[in-house]
Each structure stands twice: as structure tokens, then as C-alpha cells.
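In this text, residue positions in the sequence shown follow full-length UniProt numbering: the first is 1, and each later residue adds one.
Each remark here refers to the structure printed beneath this line.
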Amino acid sequence: MVQIQFPKFKPVVFKDRKGEVVLIRQYDHSKDRENLIKMYETFSPENRCLGLPPSTRIAIENWVDFLAERGFAIVAEIDGRIAGHCVIVPTEDGSIADLSIFVHQDYQDRGIGQELLKNIIEYARSVGFKGITLITERSNRRAIHVYKKLGFRVVNPEYEYDMYLPLE
Numbered sequence: 001m002v003q004i005q006f007p008k009f010k011p012v013v014f015k016d017r018k019g020e021v022v023l024i025r026q027y028d029h030s031k032d033r034e035n036l037i038k039m040y041e042t043f044s045p046e047n048r049c050l051g052l053p054p055s056t057r058i059a060i061e062n063w064v065d066f067l068a069e070r071g072f073a074i075v076a077e078i079d080g081r082i083a084g085h086c087v088i089v090p091t092e093d094g095s096i097a098d099l100s101i102f103v104h105q106d107y108q109d110r111g112i113g114q115e116l117l118k119n120i121i122e123y124a125r126s127v128g129f130k131g132i133t134l135i136t137e138r139s140n141r142r143a144i145h146v147y148k149k150l151g152f153r154v155v156n157p158e159y160e161y162d163m164y165l166p167l168e
């Protein structure tokens, strides 16, 4: 496995569609872990995708720890509460980033996911990744619309949608 030194992420502030101020910043595992776990513990079962996020606390803890160890993450924060989480994990050779993104149901349809994606895409490009992959359920129409809007294309529509965004 290739080890990548991830540079610092420059925080971004924007107003969501409800006019609330949202801070997009680098995830700090030592400081943010418990708040991120709390976000995922209250995640609605119907908003899970392909079994993620996990549903039990221990599984959420293990998953969050794995992502923090292997990848790079940013979070969307509103009034000190984590509203969204976006992470890229390098593939074995380090050339491609696998992406996961989740926005808590209390904050969906406000443009937060799109802003997280725009920022992680630019960050991945600046790090030197050749592309970004993701997998989503075929029924996740809202997310697929946003992914396509940002340049992702479906590369394997067999069961789920495997999507890819070239960065070069």
C-alpha cells in the first residue's frame, strides 16, 4: 500500500440553501471522532447506502477509525455540529481515490453534499490523484444527479452504479 502525505486543507465557509453558515474543514480524528460517531449513530436507516454507514456503535467506531487511518476527510460543520462527512481513500497503488460521502438527513437538500464534493475533488486533484471512484445504489437518484453534475460518469451499471471522475 502506498502511503500518501496529505497536505493541510484550507477551510471554506459558505451559506447553504437555508442561509445557514457552513464551515467545511479538515476532519481531525482526535478532536472530531466522537461527534462524527454521534452523527452516524443518528443516521436514518433509509438514508444508508450499500450498508453504510454501519448501524451499530462498535461498527461505526471501527469504520470511522479505518477511514481516518487510511484516508483523508473533510467535514461540514454547522453551529459546532458535524452535518456531513466526505472521505477519500487511496487505492493500493495510490493513483486513484475511493470516495465516500454522507450528509445527515437533517441537513440534506441544502447544497452541503455538493460543496463537500467540489472541495474534495479539488483537493484530490491538488494531491495528484488521477481520478476518483465511488459506488452508489442505482436508486440513489439525488446523489447520482449531483455526481453527474460534477463530472462523474457511470462506468459499471450492473448492480450498483460504479462511477468515475478523471482528474487529469
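Using N, Cα and C, we set each Cβ at its ideal position, and we do this for glycine too.
For lysine 15, the secondary structure class from DSSP, reduced to helix, strand or coil, is strand. Contact between isoleucine 60 and glycine 84 is absent: CB atoms are separated by about 16 Å, not below the 8 Å threshold. Bounds of the beta strand (DSSP E) holding aspartate 162 are 161-166. The residue from Leu165, Arg70, Val75 and Thr136 with its alpha-carbon nearest to that of isoleucine 121 is Leu165.
Between the region 36-43 and the region 132-148 there are fewer than three inter-stretch CB-CB distances shorter than 8 Å, so the stretches are not counted as touching.
Here DSSP, grouped into helix, strand and coil, assigns proline 45 to helix.
Out of Tyr107, Val13, Phe102 and Pro7, the CA that lies nearest to the CA of leucine 50 is found in Phe102.
Annotated as distal: asparagine 156 and glutamine 105, with beta-carbon spacing of 7 Å or more. In this structure, the CA atom of glutamate 168 is about 8 Å from the CA atom of arginine 125.
Shown here for alanine 76: same chain residues with a beta carbon closer than 6 Å to its own, the five before and five after excluded, namely Val22, Ile24, Ala83, Gly84, Ile112 and Leu116 in chain order. Tyrosine 161 sits close to arginine 138, with the two beta carbons spaced by under 7 Å. For the alpha helix (DSSP H) assignment, the uninterrupted runs of no fewer than 4 residues enclosed by the UniProt domain "N-acetyltransferase" (22-168) are, from N- to C-terminal side, 29-41, 57-70, 112-127 and 141-149. Separation of arginine 110 and lysine 118 (C-alpha to C-alpha, rounded to the nearest whole angstrom) is 14 Å. Ala97 is the residue among Thr56, Lys31 and Ala97 whose C-alpha sits nearest the C-alpha of arginine 70.
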